[in-house]
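Trainee: Let me begin by handing over the structure; questions about it come next.
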Amino acid sequence: MAEITLVEAVDLALAYEMQADPSVVILGEDIAKNGGVFRATQGLLDKFGPDRVRDTPLAESMIGGLAIGMAIEGLKPVAEFQFMGFLYPALDQIINHAARIRNRTRGHLSCPVVFRAPFGSGIHAPEHHSESTEALLAHIPGLRVVIPSSPVRAYGLLLASIRDPDPVIFLEPSRLYRFAKQEVEDNGKALPLDKCFTLREGKDITLVTWGAMIKETMAAAEVIVKEGIDVEIIDVATLKPLDMETILSSVEKTGRCVIIHEAPKTGGVGADISAQIAEKALLSLKAPVMRITGYDTIVPYARLEKYYIPSVPQIVDAIKKTMEFA
Amino acid sequence: MKIVAHFEIPYYQILNEAQELVADLPSFAKDPAHLIRLYRLMVLNRLFDAKAIALQRTGKLGTYPSTLGQEAAFVGMGDALSKNDVIVPYYRDVGILIQRGVKLSEILLYWGGDERGNAFANKENFPYSVPVGSQPLHAAGVATAFKIRKEKRAVLTVCGDGGTSEGDFYEAMNVAGVWKLPVVFAVCNNQWAISVPRSEQTAAQTLAQKAIAAGFSGEQVDGNDVIAVRDRVTLALEKAREKSEPTLIEIICYRQNDHTTADDAKRYEKAKVREQEWEKEPIARLRRYLESIKAWSEKEEKELQVTSEAEIEKSVAEYLATPLAPLENMFDYLYATLPESLEEQRELLKQWGNTHG
Numbered sequence: 009m010a011e012i013t014l015v016e017a018v019d020l021a022l023a024y025e026m027q028a029d030p031s032v033v034i035l036g037e038d039i040a041k042n043g044g045v046f047r048a049t050q051g052l053l054d055k056f057g058p059d060r061v062r063d064t065p066l067a068e069s070m071i072g073g074l075a076i077g078m079a080i081e082g083l084k085p086v087a088e089f090q091f092m093g094f095l096y097p098a099l100d101q102i103i104n105h106a107a108r109i110r111n112r113t114r115g116h117l118s119c120p121v122v123f124r125a126p127f128g129s130g131i132h133a134p135e136h137h138s139e140s141t142e143a144l145l146a147h148i149p150g151l152r153v154v155i156p157s158s159p160v161r162a163y164g165l166l167l168a169s170i171r172d173p174d175p176v177i178f179l180e181p182s183r184l185y186r187f188a189k190q191e192v193e194d195n196g197k198a199l200p201l202d203k204c205f206t207l208r209e210g211k212d213i214t215l216v217t218w219g220a221m222i223k224e225t226m227a228a229a230e231v232i233v234k235e236g237i238d239v240e241i242i243d244v245a246t247l248k249p250l251d252m253e254t255i256l257s258s259v260e261k262t263g264r265c266v267i268i269h270e271a272p273k274t275g276g277v278g279a280d281i282s283a284q285i286a287e288k289a290l291l292s293l294k295a296p297v298m299r300i301t302g303y304d305t306i307v308p309y310a311r312l313e314k315y316y317i318p319s320v321p322q323i324v325d326a327i328k329k330t331m332e333f334a
Numbered sequence: 003m004k005i006v007a008h009f010e011i012p013y014y015q016i017l018n019e020a021q022e023l024v025a026d027l028p029s030f031a032k033d034p035a036h037l038i039r040l041y042r043l044m045v046l047n048r049l050f051d052a053k054a055i056a057l058q059r060t061g062k063l064g065t066y067p068s069t070l071g072q073e074a075a076f077v078g079m080g081d082a083l084s085k086n087d088v089i090v091p092y093y094r095d096v097g098i099l100i101q102r103g104v105k106l107s108e109i110l111l112y113w114g115g116d117e118r119g120n121a122f123a124n125k126e127n128f129p130y131s132v133p134v135g136s137q138p139l140h141a142a143g144v145a146t147a148f149k150i151r152k153e154k155r156a157v158l159t160v161c162g163d164g165g166t167s168e169g170d171f172y173e174a175m176n177v178a179g180v181w182k183l184p185v186v187f188a189v190c191n192n193q194w195a196i197s198v199p200r201s202e203q204t205a206a207q208t209l210a211q212k213a214i215a216a217g218f219s220g221e222q223v224d225g226n227d228v229i230a231v232r233d234r235v236t237l238a239l240e241k242a243r244e245k246s247e248p249t250l251i252e253i254i255c256y257r258q259n260d261h262t263t264a265d266d267a268k269r270y271e272k273a274k275v276r277e278q279e280w281e282k283e284p285i286a287r288l289r290r291y292l293e294s295i296k297a298w299s300e301k302e303e304k305e306l307q308v309t310s311e312a313e314i315e316k317s318v319a320e321y322l323a324t325p326l327a328p329l330e331n332m333f334d335y336l337y338a339t340l341p342e343s344l345e346e347q348r349e350l351l352k353q354w355g356n357t358h359g
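First to last, the sequence lines map onto chains W and L.
Counting in this note's numbering, the first sequence runs from 9 upward without gaps.
Counting in this note's numbering, the second sequence runs from 3 upward without gaps.
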């Protein structure tokens with residue numbers, strides 16, 4: 009079993025499913041000969057040919073609308089947006105059509121598309137290449153928003169997303185694309201959607217996070233565990249629909265919770281998680297739920313971007329404050 | 003200097019406003035029975051339209067977009083489609099839908115504010131699309147699926163003149179040109195996008211020429227001439243099926259009513275222009291032609307009015323008798339399987355849904 013990166017795991021899952029299911033077609037900008045700007049579709053053109061691996065003209069709304077038509081007609085398109093910041097032109101297609109086709113036709117038609125996009129900051133790219141606006145999409149009824157945070161979960165969740173009968177927004181944390189390698193068995197086994205993953209069990213405090221912030225959260229946990237605090241870490245993985253059951257039962261156990269996300273604070277998914285904890289587990293809480301998030305600012309360009317991302321000491325501090333709250 | 007590209011936009015007409023044949027009749031139109039069928043559909047479309055507006059005015063229907071004056075465009079397109087083709091409509095396409103198995107009562111149900119009016123949808127017949135100019139991309143996607151699966155089928159998509167200003171319209175045509183997709187883009191140019199006239203929509207001399215920039219042919223057809231519309235759309239669909247080539251057809255017609263029942267065209271449209279355009283309207287034109295070849299009589303006309311009215315009344319009764327859908331339906335078609343996290347909200351609706359008086 010080979011050790012591979014997250015971006016290689018994406019490629020591997022796409023290759024597996026294209027081999028297994030002839031209706032899977034991938035499309036996007038620079039995905040064919042070039043194998044994608046991050047190489048997430050490397051080698052697929054050679055394996056599956058230009059009918060099923062399609063470089064599109066440069067138009068993102070078109071990628072969205074085209075994929076919708078293909079999906080309604082029975083294909084399973086996996087469409088790549090080069091960066092999350094360039095998914096915005098397709099929001100009309102995604103919100104007004106992909107998310108609604110099943111509802112609009114009372115279940116007679118459906119739209120099983122996967123819209124993939126790298127997202128998040130930390131890769132020293134120009135403006136618009138560092139967006140974490142997953143809450144925009146998590147707000148939309150009819151969509152699924154899935155975010156892997158490791159090679160294993162990228163492989164298993166992407167397979168699950170392609171096999172899902174409804175539209176899935178699959179956001180890949182570009183900061184983790186080549187961060188760490190992991191053994192991934194190419195066995196075609198999907199991981200469950202709509203479920204959180206508990207990455208570490210602990211009894212003292214619940215850390216809830218997703219995507220690239222798993223990295224800083226794990227690092228903070230390493231520090232804090234040495235101080236004798238037993239942390240539980242939850243990778244939300246599917247932001248919509250949200251598996252509150254796992255989060256609530258963890259918070260009921262620990263009584264303390266810190267939510268960590270890179271996205272801006274206001275209206276972020278963390279706000280919703282926090283509100284639901286307040287609604288349903290208030291009496292279990294021993295301290296207020298804290299949110300450590302990106303600022304409500306535009307992500308700075310490369311020179312300052314690292315100062316935007318919540319830091320390990322900041323998370324450690326929040327954990328300590330939550331633990332110390334009387 | 004040298005000229006590196008040039009183009010021409012043809013205009014097609016067969017039966018002109020003076021009921022004269024100005025071009026050879028296509029073979030289908032040599033059969034009076036075929037023309038009578040089209041005529042009947044146009045009359046049904048017009049009478050249905052009047053009934054729908056009356057229902058709206060008496061509070062029994064929601065906002066409804068009239069098709070008055072545009073019956074030939076839609077009926078002609080609908081007749082050109084073969085069963086195996088796919089139609090990706092906008093929202094004014096009554097004359098097409100009634101030829102695709104959609105019931106009049108379903109059309110009323112849709113405009114009456116009930117999603118079940120869209121339940122006719124299947125892989126050959128797409129549902130209404132309200133966001134202007136967005137659906138040509140779906141047609142391009144369907145055509146891509148045909149191309150990948152090597153199926154000799156065609157897609158027809160319709161939008162209005164306003165829709166041609168949308169980016170999606172260009173993006174759909176652009177990819178259809180590059181990938182040689184079997185799709186026909188029909189633009190029902192009724193001269194108005196709510197209150198904005200065609201002249202303020204684009205400085206281009208024709209809408210048809212927009213296809214040239216996408217690398218395929220565009221043409222105009224007289225939208226008040228059902229014979230020409232049916233002929234040109236048929237040929238374009240054949241070209242799509244046989245050669246996998248796209249076409250843009252600008253169907254020139256005139257909106258003889260407000261944009262929808264929520265609009266008041268008196269605010270921006272000169273009555274005189276509408277009256278002048280009425281001289282070209284499609285139903286009287288075909289009727290006079292049919293009478294001139296002794297294929298239609300006053301007696302048949304009266305019978306047609308009676309049978310059409312009866313059909314419409316039946317559909318109205320069916321529509322009005324349709325009970326409200328179960329409230330939970332708003333959750334039932336959101337996903338293939340309702341996510342667990344939504345069950346609580348679905349229960350809330352059941353608990354509180356009947357407290358709205």
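Every residue gets a Cβ at the ideal spot worked out from N, C-alpha and C, and that includes glycine.
CB-CB under 8 Å to residue 49 (chain L), same chain, minus the five flanking residues each way: which ones, in chain order?
Mentor: Once the five neighbours on either side are set aside, the close Cβ partners of residue 49 (chain L) are 307, 310, 311, 314.
Trainee: Is the beta carbon of residue 137 (chain L) closer than 8 Å to that of residue 161 (chain L)?
Mentor: Contact: yes.
Trainee: For residue 189 (chain L), would you say it is in contact with chain W, using Cβ-to-Cβ distances shorter than 8 Å as the test?
Mentor: False, the Cβ-Cβ gap to chain W never drops below 8 Å.
Trainee: CA-CA distance, residue 204 (chain W) and residue 341 (chain L)?
Mentor: Computed Cα separation, rounded: 14 Å.
Trainee: Pull out every residue of the region 97-115 of chain W whose Cβ sits closer than 7 Å to any Cβ of chain L, in chain order.
Mentor: Here the close residues are 100, 101, 104, 105, 110, 111, 112, 113, 114, 115.
Trainee: Compute every distance between the C-beta of residue 278 (chain L) and the non-hydrogen atoms of the ligand MN, then say whether any falls below 7 Å.
Mentor: No copy of the ligand MN occurs in the structure displayed, which carries no ligand at all.
Trainee: Would residue 311 (chain W) count as contacting chain L if we go by Cβ distances under 8 Å?
Mentor: Chain L, which has no Cβ nearer than 8 Å to the Cβ of residue 311 (chain W), makes this no.
Trainee: Residues of the region 340-354 of chain L with a CB closer than 8 Å to any CB of chain W: list them in chain order, please.
Mentor: The residues in question are 341, 342, 343, 344.
Trainee: Below 8 Å, can you find three or more Cβ-Cβ pairs linking the region 311-325 of chain W to the region 291-302 of chain W?
Mentor: Segments in contact, yes.
Trainee: Between which two residues does the alpha helix (DSSP H) carrying residue 84 (chain L) extend?
Mentor: From DSSP, residue 84 (chain L) is part of no alpha helix (DSSP H); its letter is neither H nor E.
Trainee: Taking only beta-carbon atoms, is residue 26 (chain W) less than 8 Å away from chain L?
Mentor: No, no contact with chain L.
Trainee: Can the beta-carbon of residue 220 (chain L) be found closer than 8 Å to that of residue 212 (chain L)?
Mentor: In contact: residue 220 (chain L) and residue 212 (chain L) (Cβ atoms closer than 8 Å).
Trainee: Please state the DSSP three-state secondary structure of residue 93 (chain L).
Mentor: In this structure, residue 93 (chain L) counts as coil in the three-state DSSP scheme.
Trainee: Leaving out five residues on either side along the sequence, give the residues of the same chain with a beta carbon under 7 Å from the beta carbon of residue 282 (chain W).
Mentor: Excluding sequence neighbours, residue 282 (chain W) sits near 267, 297, 299.
Trainee: Is the Cβ-Cβ distance between residue 331 (chain W) and residue 212 (chain W) less than 8 Å?
Mentor: A contact, by the Cβ cut-off of 8 Å.
Trainee: Who does residue 64 (chain W) pair with in a DSSP beta bridge?
Mentor: Answer by DSSP bridge pairing: none, since residue 64 (chain W) is not bridged.
Trainee: Using Cβ-Cβ distances below 9 Å, what residues of the region 52-63 of chain W are close to chain L?
Mentor: Here the close residues are 59, 60, 62.
Trainee: Using 8 Å as the limit for Cβ to Cβ distance, is residue 70 (chain W) near chain L?
Mentor: For residue 70 (chain W), the answer is yes, since a Cβ of chain L falls inside 8 Å of its Cβ.
Trainee: For a minimum of 4 consecutive residues, which ranges assigned as the alpha helix (DSSP H) are wholly contained in the region 150-187 of chain W?
Mentor: Here the runs fully enclosed are 159-171.
Trainee: Taking DSSP as the reference, what is the three-state secondary structure of residue 182 (chain L)?
Mentor: Coil, per DSSP.
Trainee: What residues in the region 72-92 of chain W bring their beta carbon closer than 9 Å to a beta carbon of chain L?
Mentor: Cβ contacts with chain L come from 72, 73, 74, 75, 76, 77, 78, 79, 80, 81, 82, 83, 85.
Trainee: Would you identify the three-state DSSP class for residue 301 (chain W), choosing helix, strand or coil?
Mentor: Looking at residue 301 (chain W) - three-state DSSP - the assignment turns out to be strand.
Trainee: Is it buried or exposed, residue 183 (chain W), if we count other Cβ atoms within 10 angstroms and call 16 or more buried?
Mentor: Buried, by the Cβ-count rule.
Trainee: For the 8 Å Cβ check, are there 3 or more pairs between the region 115-126 of chain W and the region 241-259 of chain W?
Mentor: They do not touch, by the three-pair rule.
Trainee: Straight-line CA distance for residue 132 (chain L) to residue 92 (chain L)?
Mentor: So the alpha carbons of these two residues sit roughly 6 Å apart.
Trainee: Go ahead and label residue 130 (chain L) buried or exposed: buried means 16 or more other beta carbons lie within 10 angstroms of its beta carbon, across all protein chains shown.
Mentor: With 16 or more Cβ atoms within 10 Å of its Cβ, residue 130 (chain L) is classed as buried.
Trainee: Could you name the residues of the same chain whose beta carbon sits closer than 6 Å to that of residue 135 (chain L), not counting the 5 residues immediately before and after it, in chain order?
Mentor: Excluding residues within five positions, the ones whose Cβ falls inside 6 Å are 161, 165, 168, 170, 171.
Trainee: Taking all protein chains shown into account, do 16 or more other C-beta atoms lie within 10 angstroms of the C-beta of residue 75 (chain W), making it buried, or fewer, making it exposed?
Mentor: The residue is buried, with at least 16 neighbouring Cβ atoms inside 10 Å.
Trainee: Work out the CA separation of residue 75 (chain L) and residue 228 (chain L) for me, nearest whole Å.
Mentor: Approximately 6 Å, taken between the alpha carbons.
Trainee: Measuring only between beta-carbons, confirm whether residue 4 (chain W) sits less than 8 Å from chain L.
Mentor: The structure shown does not extend to residue 4 (chain W), since chain W is modelled only from 9 to 334, so the question has no answer here.
Trainee: So which residues on chain A does residue 320 (chain L) lean against when the C-beta distance must stay under 9 Å?
Mentor: In the structure shown, chain A cannot be found, because the protein chains are W and L.
Trainee: Does the CB of residue 202 (chain W) have a neighbour CB from chain L at under 8 Å?
Mentor: Closer than 8 Å: yes.
Trainee: Residues in the same chain with beta-carbon distance under 6 Å from residue 298 (chain L), minus the five sequence neighbours each way, listed in chain order, please.
Mentor: Same-chain partners within the cutoff: 292.
Trainee: Can you grab the Cα-Cα spacing for the pair residue 12 (chain W) / residue 90 (chain L), in whole Å?
Mentor: Taking the straight line from one Cα to the other gives about 43 Å.
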